[in-house]
Each structure stands twice: as structure tokens, then as C-alpha cells.
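I have placed the structure first, in the form of C-alpha cells, so that the comments after it can refer back to it.
2 protein chains.
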Amino acid sequence: MAAGGELQLLGSWYSPYAIRAKVALGLKGLSYEYIEEYLFSKSDLLQKSNPVHRKVPVLIHGGRPVCESLVVVQYVDEAWAGTGPPLLPADAHDRATARFWAAFIDDKFFQAWRQLMRSTTDERRAEAFKNVVPQVETLEQGFRECSKGKKDFFGGDAIGLADIALGSFLVWIRVVDEVSGTKLLDEAKFPGLAAWAERFLAVDAVKEAMPEFERLLEHYKGFLAKLAAPAGYS
Amino acid sequence: MAAGGELQLLGSWYSPYAIRAKVALGLKGLSYEYIEEYLFSKSDLLQKSNPVHRKVPVLIHGGRPVCESLVVVQYVDEAWAGTGPPLLPADAHDRATARFWAAFIDDKFFQAWRQLMRSTTDERRAEAFKNVVPQVETLEQGFRECSKGKKDFFGGDAIGLADIALGSFLVWIRVVDEVSGTKLLDEAKFPGLAAWAERFLAVDAVKEAMPEFERLLEHYKGFLAKLAAPAGYS
Chain A
1 MAAGGELQLL GSWYSPYAIR AKVALGLKGL SYEYIEEYLF SKSDLLQKSN
51 PVHRKVPVLI HGGRPVCESL VVVQYVDEAW AGTGPPLLPA DAHDRATARF
101 WAAFIDDKFF QAWRQLMRST TDERRAEAFK NVVPQVETLE QGFRECSKGK
151 KDFFGGDAIG LADIALGSFL VWIRVVDEVS GTKLLDEAKF PGLAAWAERF
201 LAVDAVKEAM PEFERLLEHY KGFLAKLAAP AGYS
Chain B
1 MAAGGELQLL GSWYSPYAIR AKVALGLKGL SYEYIEEYLF SKSDLLQKSN
51 PVHRKVPVLI HGGRPVCESL VVVQYVDEAW AGTGPPLLPA DAHDRATARF
101 WAAFIDDKFF QAWRQLMRST TDERRAEAFK NVVPQVETLE QGFRECSKGK
151 KDFFGGDAIG LADIALGSFL VWIRVVDEVS GTKLLDEAKF PGLAAWAERF
201 LAVDAVKEAM PEFERLLEHY KGFLAKLAAP AGYS
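Top line first, the protein sequences correspond to chains A and B.
By the count of the UniProt record's numbering, the first sequence reaches residue 234 at its end, each step adding exactly one.
By the count of the UniProt record's numbering, the second sequence reaches residue 234 at its end, each step adding exactly one.
Okay, here's the thing in C-alpha cells:
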């Protein structure tokens with residue numbers, strides 16, 4: 001159990017945002033109670049702990065909730081500064097760079113990729129895919145600058161905030177690729193990111209946090225079926 | 001001049017995001033060269049310094065750019081940790097709370113208020129206003145929790161990240177109120193935020209960073225006129 005009080009994580013196994021919290025806690029080597037939340041029957045604890053968004057992840061530390069995945073990752077880094085590897089670099093400019101890319105991933109990459117993920121026809125998929133590619137090009141360029149062609153991760157020699165932000169989508173990206181017949185992180189087009197993805201997925205804390213491909217594929221097919229149905233998700 | 005290299009800020013006088021950078025630099029008592037950027041003729045320096053978004057603010061410190069307003073505020077706090085007041089609290093949970101509200105302001109409040117700001121008819125304004133009010137209710141509740149009814153600011157006794165995030169919109173909110181015939185931060189409905197706004201605007205570093213009401217009103221009327229014209233802003 002972590003120093004400074006009990007630790008609980010409210011998550012959903014397939015949520016990229018909950019995966020971020022799991023990876024951060026795993027990298028720090030922290031033990032915690034994991035509580036699975038269900039989209040259509042959210043627990044009272046979730047609703048009380050995150051009344052603004054009612055979304056996972058919520059990290060509850062000594063009874064006090066921390067919400068929003070990127071906020072959680074930074075909280076884990078700061079609350080356990082002396083435990084495990086740092087998740088943000090020491091240098092102020094490097095920290096700004098990590099936050100910049102984390103924001104880009106949520107604001108630009110995800111918004112474009114979400115359209116692909118929610119597409120239910122080949123025509124829409126082709127259109128959405130075209131719109132994601134420029135965001136991935138920007139990320140490839142960003143990775144090149146962050147790693148200077150020498151480092152393994154956005155965060156340098158080890159995983160940091162921006163790696164966790166993007167890496168949390170990797171199994172999802174592959175599952176959507178599988179259904180769409182695409183390969184978003186194609187090694188010919190994006191050699192930096194393709195190699196980065198392999199390195200990220202090989203890290204123990206990541207392996208433990210990631211959903212299993214086949215299970216997520218089934219989940220995604222179910223999601224698409226509901227989306228295509230008249231009374232689908234909104 | 002700041003320690004550690006020359007300091008330049010690329011901004012636009014009316015940009016709430018540039019105002020955030022100005023307030024942060026002002027609170028820290030830092031001197032810098034301010035470079036005004038124009039939406040329709042962005043400088044080569046801006047395009048080179050922020051190739052991903054090509055947006056203000058960009059803080060250039062010792063030749064290295066920092067982009068994205070909330071990233072800039074945190075950078076200023078960290079790069080000049082020993083200078084002036086802290087912009088984020090020392091406690092990890094309080095820091096998480098500040099980041100949570102800053103994200104809420106950009107993701108939820110601004111997205112709703114932007115619709116009001118871009119409305120060109122009374123009917124659309126009434127509809128948009130109705131959609132902003134719940135976000136302000138959440139902020140009022142958040143302010144009550146952050147300040148515990150005792151503190152002056154979201155950040156406690158002094159201005160912090162969340163105050164700067166929301167406060168940067170205050171003159172804009174009043175200008176849109178003026179044109180719409182509304183009063184968003186009504187003291188009867190939102191007593192906490194209404195009093196907070198007065199305190200925020202009375203701080204020297206804020207007064208120096210804020211646009212003049214009449215000038216911003218003219219700017220906004222021009223914006224609305226272009227928006228209503230066939231070849232308006234997109």
C-alpha cells in the first residue's frame with residue numbers, strides 16, 4: 001500500500017484514460033485497489049468522487065479524489081516524487097515540452113482519431129483516416145525533436161507524460177486498424193513512432209495496464225454495432 | 001531582464017490566452033520584450049516558434065519557445081520558482097485541483113461560452129446563454145470548494161493557475177454581455193465568482209495585462225460584423 005493513505009483507482013478496463021493512470025501507478029510501483037466501473041451503471045463512489053464529469057479515471061488517495069487522466073499522471077509523479085522513476089523531466093523546458101505534446105494528443109490527435117474510431121462505413125473510414133494522418137505526421141515530427149533521434153521515448157530515456165498520453169491508445173489504434181483494414185502507425189511512413197510503439201508496449205508496467213487485443217476487438221465491434229443501430233450511443 | 005536568457009512574448013492584445021502569459025509574467029515581476037502578432041499576417045518568428053499551432057502566446061526564453069497558454073503559465077512558475085509568488089500551490093493535491101479547474105475552463109466553460117461569443121442573432125444568443133449557465137454553476141461550486149468560503153482565489157490567498165485560466169476571459173465576458181444584454185457573472189446567481197472577479201481585476205499584474213473595455217468592445221463588434229458577412233471568419 002502507498003505511503004500517505006489508501007489508494008483506489010476507479011477505471012474501466014477498455015478506457016485509454018484509465019490506462020494512463022494504471023501505467024503511471026505501475027511505473028511508480030504503487031499498490032492500489034482497482035475498482036471497475038461500468039458505463040451504464042456508474043457507482044455512487046464514482047459519481048461522488050467526480051461530480052463534474054462522472055468519468056474514469058478517478059484516483060482516490062487517502063479519501064481525496066483526483067480526476068482527469070493527465071492530472072492524475074502529474075499527481076502521481078508529484079505525490080510520490082521520491083518513489084520510482086520521475087514521469088516528468090526535471091528541466092522546466094523539457095516539462096513544458098511534455099505537457100505540450102500531451103495536450104496535442106488530447107486536443108488534436110484524439111479528436112481526429114475519434115472520428116475514425118466512430119466510423120461505421122468504409123467511405124467514412126477512408127475520409128476519417130485521411131484526417132488523422134496529418135496529426136500523426138505532426139507527432140512523428142514531434143517525436144523526432146523530443147528524442148533527437150537518440151532517445152527511446154518522448155520523455156527521454158524512460159517513459160514520461162507524453163508517452164503515457166499517446167501510448168494509452170496503442171491497443172485501441174490496432175483494434176481500429178484491424179476493423180478498418182488500415183495501419184495507422186505504418187513503419188514506412190512513421191518509422192520513429194512505429195519503433196517507439198514497440199518499445200512502449202514492451203515495458204512491464206504498460207503490459208500490465210493494457211487491455212488484451214482480442215477482448216478489446218470484441219468490445220469495439222459491439223460498440224460499432226450499437227453505434228450503427230437506431231438507438232445507438234450518442 | 002530575466003535570469004537565464006532573454007525573454008520575449010508573442011501575443012495579441014485581445015487574446016485571452018496571451019493575457020494568461022502576461023499575467024503570469026507580471027505576477028513573477030519579470031521583464032520581457034512583447035511582440036504583437038496579427039491574426040492575418042503572422043510573423044515568421046511565430047510560425048517558426050509554434051509550427052504546430054501557429055498561435056499566440058509563445059514565450060521565447062533564451063531562444064527556446066514554449067507554446068500553449070496553460071503550459072506557459074506552468075513553465076513560468078517552474079523556471080522562476082524562486083522569483084515572486086508561486087502560481088501553483090506546493091501541495092500535490094492542491095496542484096491537481098488547480099489543473100483540474102484549468103482544464104474544465106478550457107474544455108467545458110470556453111466551448112460553451114464560445115458559442116455565445118460567436119452568436120450573431122438574439123435567438124442564438126439566448127440559446128447559447130442557456131448552455132453557458134450550467135458551466136458557470138459548476139465553476140461557482142468549484143470556487144466554493146477551492147476557497148472553502150474563506151480564501152480569495154481558486155489558488156487560495158493569491159492568484160494561481162485556475163484563476164489565471166478563467167480570469168483571462170473576464171473583460172471578454174463583459175464585452176459579450178454588453179452586446180448580448182446579459183450578465184453572465186450575475187452576483188445574485190453567482191456571488192462567489194462575481195466577488196472573485198472583482199478581486200482578480202484589482203490585482204496590479206492583471207490590470208496591466210487586461211485589454212481596455214471600450215477597445216475590446218470595438219474589436220468584438222468588428223468580429224461579429226465579419227462573422228455575419230458572407231466571407232466572414234470561419
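Even glycine gets a Cβ: it sits at the ideal position worked out from N, Cα and C.
Item, Value
"Whose CA, out of 156(B), 18(B), 134(B), lies closest to the CA of residue 104(B)?", "134(B)"
"Please tell me whether residue 146(B) has its Cβ less than 9 Å away from any Cβ of chain A.", "no"
"Identify which residue in 182(B), 123(B), 107(B), 167(B) has its Cα closest to the Cα of residue 21(B).", "167(B)"
"Excluding five sequence neighbours on each side, which residues of the same chain lie with their C-beta closer than 8 Å to the C-beta of residue 89(A)?", "95, 98, 155, 156, 160"
"Between the UniProt domain \"GST N-terminal\" (5-84) of chain A and chain B, which residues of the former have a C-beta closer than 7 Å to a C-beta of the latter?", "52, 64, 66, 67, 68, 71, 74, 75, 78, 79"
"Taking the runs of the beta strand (DSSP E) that are 3 residues or longer, which of them lie wholly in the region 6-46 of chain B?", "7-11, 33-36"
"Could you tell me the boundaries of the beta strand (DSSP E) in which residue 64(A) lies?", "64-67"
"At a Cβ threshold of 9 Å, is residue 103(B) touching chain A?", "yes"
"Closest by CA to residue 112(A), which one among 100(A), 124(A), 131(A)?", "131(A)"
"Starting from residue 59(A), follow the beta strand (DSSP E) in both directions and report where the run begins and ends.", "58-61"
"Can you say whether residue 150(A) is buried or exposed, counting buried as having 16 or more other CB atoms within 10 angstroms of its CB?", "exposed"
"If you run the structure through DSSP and keep just helix, strand and coil, what is residue 192(B)?", "helix"
"What residues from chain A crowd round residue 154(B), counting only those whose CB sits closer than 7 Å?", "What residue 154(B) touches in chain A: nothing, since even the nearest Cβ is about 14 Å away."
"Roughly how many angstroms lie between the CA atoms of residue 194(A) and residue 186(A), to the nearest whole one?", "6 Å"
"Rounded to the nearest angstrom, what separates residue 179(A) and residue 220(A) at their Cα positions?", "9 Å"
"Would you check if the distance between the CB atom of residue 210(A) and the CB atom of residue 217(A) is smaller than 9 Å?", "no"
"What is the rounded straight-line gap between the Cα of residue 34(A) and the Cα of residue 204(A)?", "18 Å"
"What does the alpha-carbon distance come out to for the pair residue 8(B) and residue 116(A)?", "39 Å"
"Among 169(A), 215(A), 25(A), which has the Cα closest to the Cα of residue 86(A)?", "25(A)"
"Short check: CB of residue 46(B) to CB of residue 54(B), under 9 Å?", "yes"
"Quick check on DSSP: helix, strand or coil for residue 154(B)?", "coil"
"If we cut at 9 Å on Cβ distances, does residue 99(B) have a partner in chain A?", "yes"
"What does the Cβ neighbour count give for residue 17(B), buried or exposed, with the cut at 16 atoms within 10 Å?", "buried"
"Indicate whether residue 56(B) and residue 119(B) have their beta-carbon atoms separated by less than 9 Å.", "no"
"Return no unless some Cβ of chain B is closer than 9 Å to the Cβ of residue 92(A).", "yes"
"At 8 Å on the CB atoms, spell out the chain B contacts of residue 95(A), in chain order.", "74, 75, 78"
"Just to confirm the assignment, what range does the alpha helix (DSSP H) spanning residue 134(B) have?", "122-147"
"With 9 Å as the threshold, decide whether the Cβ of residue 142(B) is near any Cβ in chain A.", "yes"
"Classify residue 148(A): buried if its beta carbon has 16 or more other beta carbons within 10 angstroms, exposed otherwise.", "exposed"
"Would you say residue 120(B) lies against chain A (beta-carbon separation less than 9 Å)?", "no"
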